[in-house]
Amino acid sequence: MKVMLFARARELIGIERLEFEESMTVGELRALLERRFPKVAGLLKKSAIAVDNEFAEDALQIPAGAEVALLPPVSGG
Amino acid sequence: MKVMLFARARELIGIERLEFEESMTVGELRALLERRFPKVAGLLKKSAIAVDNEFAEDALQIPAGAEVALLPPVSGG
Amino acid sequence: MIRLTRDVIDYHALTEKVRRGDCGAVVLFLGTVRDLTGERVTVALDYEAYPAMAEKKMAEIESDTRTRWPVGEIILEHRLGRLEIGDVSVAVAVSCPHRAQAFEACRHAIDRLKELVPIWKKENWADGSTEWVHPGA
Amino acid sequence: MIRLTRDVIDYHALTEKVRRGDCGAVVLFLGTVRDLTGERVTVALDYEAYPAMAEKKMAEIESDTRTRWPVGEIILEHRLGRLEIGDVSVAVAVSCPHRAQAFEACRHAIDRLKELVPIWKKENWADGSTEWVHPGA
């Protein structure tokens, strides 16, 4: 799977897109990102995760090849 | 005083402006109009009376020289 | 700002006039002539006003709306005379710092205009007959 | 109809597109860039989107709004990139038979857009610093 990063999360991590080989749930991905990037842990807790352009719950098993996105609280409009 | 007529009231009475010499209250004017023009009595009961561009209660004594208007229910917009 | 006019309402110009750097929200309402009222087919409307009082009441609505919400700019404009299907009969443009204010202020202004301003419309039905519209009468 | 664009939003064209003979009411909402946020002075905003999902969510909001109100036409358009003070960042234009419907439908659409659509803005403050806006974070 690939994970797209946006806005402050992208700036703090300094990367636009992450790639992971392992299979995992949305909740496991959250935990992995928090461990890997502790400085965004606070923002992560407030962020949504989208899988293939849909908001996803922590229990969802991420399909192989899915496009995942880390969505900090939105501020459009 | 002069009394301006509008919309259906003007069409039914067939006159744009009435003139009265006597001094009277708004309520007395209503009664006078109902007697004089029985075919608009129903519309009159639903209409407002304005004195010098302000909605007026029946108790108001109409000042000499006032501009009075008979306002059927409005439908602008 | 308020205005009665017999010309086409240039709502684009009105909207530009209310835009301000200190207001993040603009709401524009347009009333337009519908082709149907219930089952009956309209071909045109004639709008008539008691002009002096209509302008006074519109100015009071502007002032009342400014008292209730932090309005940057507000413009109410109503057209008079013969209007055809789709024509804009009334426009209310409002700017405020935030969107809830702009929606509420615009809604309030058009609701009060329809309730208080001495303007009347006459339906010109497709069968050739005409009828003044007097709600509740 | 929904659209993301990097160009100036032509809200006049959008409003013309939603006008219909069977709709007596049009409501247009414009979000514009404010010069102040609290006490801080903004000079520009940068808008970024997750485009595929933003378009999907905007299309869902259009469809949800059409389900709830008798919408004639509805257009949601959001601008991306660098915007300066007074620029229009978002426009929502709605036509309905009656005005209460048009106000409610337009308000619903912009409220949902601000809640659900993955778009973010970055403040460019007058002191040269920048800050992504993430409400509640």
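Protein chains in written order, with my numbering: chain A, 1007 to 1083; chain B, 1007 to 1083; chain C, 73 to 209; chain D, 73 to 209.
We treat Cβ as the ideally placed atom computed from N, Cα and C, and that holds for glycine.
Computed from a predicted structure; not experimentally measured.
How would you label residue i, buried or exposed, when you count the other beta carbons within 10 angstroms and need 16 or more for buried?
| i | result |
| --- | --- |
| Gln-173(D) | buried |
| Arg-171(D) | buried |
| Lys-1045(B) | exposed |
| Arg-78(C) | exposed |
| Ala-97(D) | buried |
| Ser-167(D) | buried |
| Ile-1021(B) | exposed |
| Pro-190(C) | buried |
| Thr-87(C) | buried |
| Arg-1016(A) | buried |
| Gly-208(D) | exposed |
| Arg-1041(A) | exposed |
| Ala-1075(A) | buried |
| Gly-1086(B) | Residue coverage of chain B in this structure runs from 1007 to 1083, which leaves residue 1086(B) outside it and unanswerable. |
| Gly-153(D) | exposed |
| Arg-112(C) | exposed |
| Gly-1083(A) | buried |
| Lys-129(C) | buried |
| Ala-85(C) | exposed |
| Gly-144(D) | buried |
| Arg-1014(A) | buried |
| Glu-203(C) | exposed |
| Ala-1065(A) | exposed |
| Glu-1028(B) | exposed |
Could you pull the start and end residues of the alpha helix (DSSP H) that residue i belongs to?
| i | result |
| --- | --- |
| Asp-136(C) | 123-140 |
| Thr-62(D) | Look at the range of chain D in this structure, 73 to 209, and you will see that residue 62(D) is not part of it. |
| Arg-1042(B) | 1032-1042 |
| Ile-182(C) | 171-188 |
| Lys-1051(B) | 1047-1052 |
| Glu-1063(B) | Element bounds for Glu-1063(B): n/a, residue is neither H nor E. |
| Glu-1017(A) | 1013-1019 |
Return the Cβ separation of residue i and residue j in integer angstroms, given the expectation that the two are a contact with Cβ distance under 8 Å.
| i | j | result |
| --- | --- | --- |
| Pro-1078(B) | Phe-1012(B) | 7 Å |
| Thr-139(C) | His-180(C) | The pair is not a contact, with the Cβ atoms about 11 Å apart (cut-off 8 Å). |
| Thr-114(C) | Trp-192(C) | No, Thr-114(C) and Trp-192(C) are not in contact; Cβ-Cβ is about 15 Å, not under 8 Å. |
| Ser-1053(A) | Val-205(D) | Rounded, the Cβ-Cβ distance is 14 Å, inconsistent with contact. |
| Ser-161(D) | Gly-103(D) | 5 Å |
| Glu-1073(A) | Met-1030(A) | In fact, because the Cβ distance is near 15 Å, the residues do not count as touching under 8 Å. |
| Ile-81(C) | Arg-151(C) | 5 Å |
| Ala-163(D) | Phe-101(D) | 7 Å |
| Gly-93(C) | Gly-93(D) | With 8 Å as the limit, Gly-93(C) and Gly-93(D) do not qualify as a contact, their Cβ atoms being about 37 Å apart. |
| Glu-149(D) | Ala-116(D) | Not confirmed; about 20 Å, so no contact. |
| Pro-123(D) | Pro-142(D) | So it is not a contact: roughly 31 Å between Cβ atoms. |
| Ile-147(C) | Val-90(C) | 6 Å |
| Ala-126(D) | Leu-76(D) | 6 Å |
| Lys-194(D) | Asp-118(D) | 4 Å |
May I ask which residues mark the beginning and end of the beta strand (DSSP E) holding residue i?
| i | result |
| --- | --- |
| His-150(D) | 145-151 |
| Phe-101(D) | 97-104 |
| Ala-163(D) | 160-168 |
| Glu-203(C) | 202-204 |
| Ile-1068(A) | Counting along the chain, Ile-1068(A) falls outside any beta strand (DSSP E), and DSSP gives it neither H nor E. |
| Val-80(D) | Segment: none, Val-80(D) is in no beta strand (DSSP E) and carries neither H nor E. |
| Val-1074(B) | 1073-1077 |
| Glu-195(D) | 191-197 |
| Glu-1025(A) | 1023-1025 |
Taking C-beta pairs closer than 9 Å, name the residues in chain C that residue i reaches, listed in chain order.
| i | result |
| --- | --- |
| Gly-93(D) | Thr-104, Val-105, Arg-106, Asp-107, Leu-108, Ile-157, Gly-158 |
| Val-166(D) | Result: empty, since nearest Cβ-Cβ is about 11 Å, beyond 9 Å. |
Residues of chain B with CB under 7 Å from residue i, in chain order?
| i | result |
| --- | --- |
| Leu-185(C) | Gly-1082, Gly-1083 |
| Lys-128(C) | Asn-1059 |
Using a cut-off of 8 Å between C-beta atoms, extract the partners of residue i located in chain C.
| i | result |
| --- | --- |
| Phe-1012(B) | Glu-120, Tyr-122, Pro-190, Trp-192 |
| Glu-1063(B) | By Cβ distance, chain C contributes nothing, its closest Cβ being about 16 Å from Glu-1063(B), past 8 Å. |
| Pro-169(D) | Arg-106 |
| Ala-1075(B) | Tyr-122, Met-125, Pro-190 |
| Leu-117(D) | Correct list: empty, because the minimum Cβ distance to chain C is about 11 Å. |
Which residues of chain B have a Cβ atom closer than 8 Å to the Cβ of residue i, listed in chain order?
| i | result |
| --- | --- |
| Ser-135(C) | Near Ser-135(C) there are no residues of chain B at all, since even the closest Cβ is about 15 Å away, more than 8 Å. |
Check the Cβ of residue i against every Cβ in chain A and list those closer than 9 Å, keeping chain order.
| i | result |
| --- | --- |
| Ala-209(D) | Arg-1014, Gly-1048, Leu-1049, Lys-1051, Lys-1052, Ser-1053, Pro-1078, Pro-1079 |
Could you name the residues of chain D that residue i contacts, counting a contact when the two beta carbons are closer than 8 Å?
| i | result |
| --- | --- |
| Glu-1017(A) | Trp-204 |
| Ala-1056(A) | Tyr-122, Met-125, Pro-190 |
Mind checking if residue i is an interface residue toward chain G, Cβ cutoff 8 Å exclusive?
| i | result |
| --- | --- |
| Ala-1037(A) | The question asks about chain G, but that chain is absent: this structure's protein chains are A, B, C and D. |
Applying a beta-carbon distance threshold of less than 7 Å, which residues of chain C neighbour residue i?
| i | result |
| --- | --- |
| Gly-68(D) | Outside the displayed span of chain D (73 to 209) sits residue 68(D), for which this structure offers no information. |
If the cut is a Cβ gap below 7 Å, which residues of chain D does residue i touch?
| i | result |
| --- | --- |
| Phe-179(C) | For clarity, residue 179(C) is Arg in the given sequence; the question names Phe instead. Chain D residues near Arg-179(C): Phe-175. |
In chain B, which residues lie less than 9 Å from residue i when you measure between Cβ atoms?
| i | result |
| --- | --- |
| Arg-161(C) | First, the amino acid is wrong: residue 161(C) is Ser here, not Arg. Near Ser-161(C) (Cβ distances below 9 Å), the residues of chain B are Gly-1082, Gly-1083. |
Which residues in chain D have a C-beta closer than 9 Å to the C-beta of residue i? List them in chain order.
| i | result |
| --- | --- |
| Val-113(C) | Per Cβ cutoff of 9 Å: no residues; Val-113(C) is ~11 Å from chain D at best. |
Next on the checklist: Beta carbons nearer than 9 Å to chain D: which residues of the stretch 144-158 of chain C have them?
Outcome noted: Ile-157, Gly-158
Next on the checklist: For the stretch 73-85 of chain C, list every residue whose C-beta sits within 9 Å of some C-beta in chain B, in sequence order.
Outcome noted: none
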